[in-house]
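Enquirer: If you use the numbering used here, the sequence shown corresponds to residues 979 to 1050, in order.
The structure follows.
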Amino acid sequence: MARGKQKEQARDKAQKSAEARKGGKSQLAARDAGLKIMCPVCKNPTSHYKVLKEHMEAKHPKEPVPPESSFQ
Ligand SMILES: [Zn+2]
């Protein structure tokens, strides 16, 4: 399951420095492995579709939750 790991690490590193520059308030979320899913509304990264769904329901109840297939 090491597919794309290097790329992911590079992205993770880039994301971390980007977060650090703007205050790092979503560092906790960015620390999660395999951030493939991002909230379409606030761009908050989540590690699972399930988490995104919960996030959408909690933070953006009026926004439609994108289908899981759009993140594959
Ligand atoms: Zn959001």
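Ideal Cβ placement from N, Cα and C applies to all residues, glycine included.
(1) Pull the bridge partners of residue 1023 from the DSSP assignment, please.
(2) Where does residue 987 sit, in a helix, a strand or coil, going by DSSP?
(3) Determine the contact status of residue 1046 and residue 1019, defining contact as a CB-CB distance below 8 Å.
(4) Which of helix, strand or coil does DSSP assign to residue 1008?
(5) Where does residue 1044 sit, in a helix, a strand or coil, going by DSSP?
Expert: Looking at the atomic coordinates:
(1) For the purposes of this step, residue 1023 is identified with residue 45 of the sequence shown, where counting begins at 1. DSSP, once it has assigned bridges, lists 1016 as partnering residue 1023.
(2) Indexing the sequence shown from 1 puts residue 987 at position 9. Helix at residue 987.
(3) Taking the first residue of the sequence shown as 1, we reach residue 1046 at position 68. Taking the first residue of the sequence shown as 1, we reach residue 1019 at position 41. Not in contact: residue 1046 and residue 1019 (Cβ atoms no closer than 8 Å).
(4) Stepping through the sequence shown from its first residue, residue 1008 is reached at position 30. Residue placement at residue 1008 is flagged as unreliable, the pLDDT there being 48, under the threshold of 50; a coordinate-derived value is accordingly withheld.
(5) Residue numbering aside, residue 1044 sits at position 66 when the sequence shown is read from its first letter. It is coil, neither helix nor strand.
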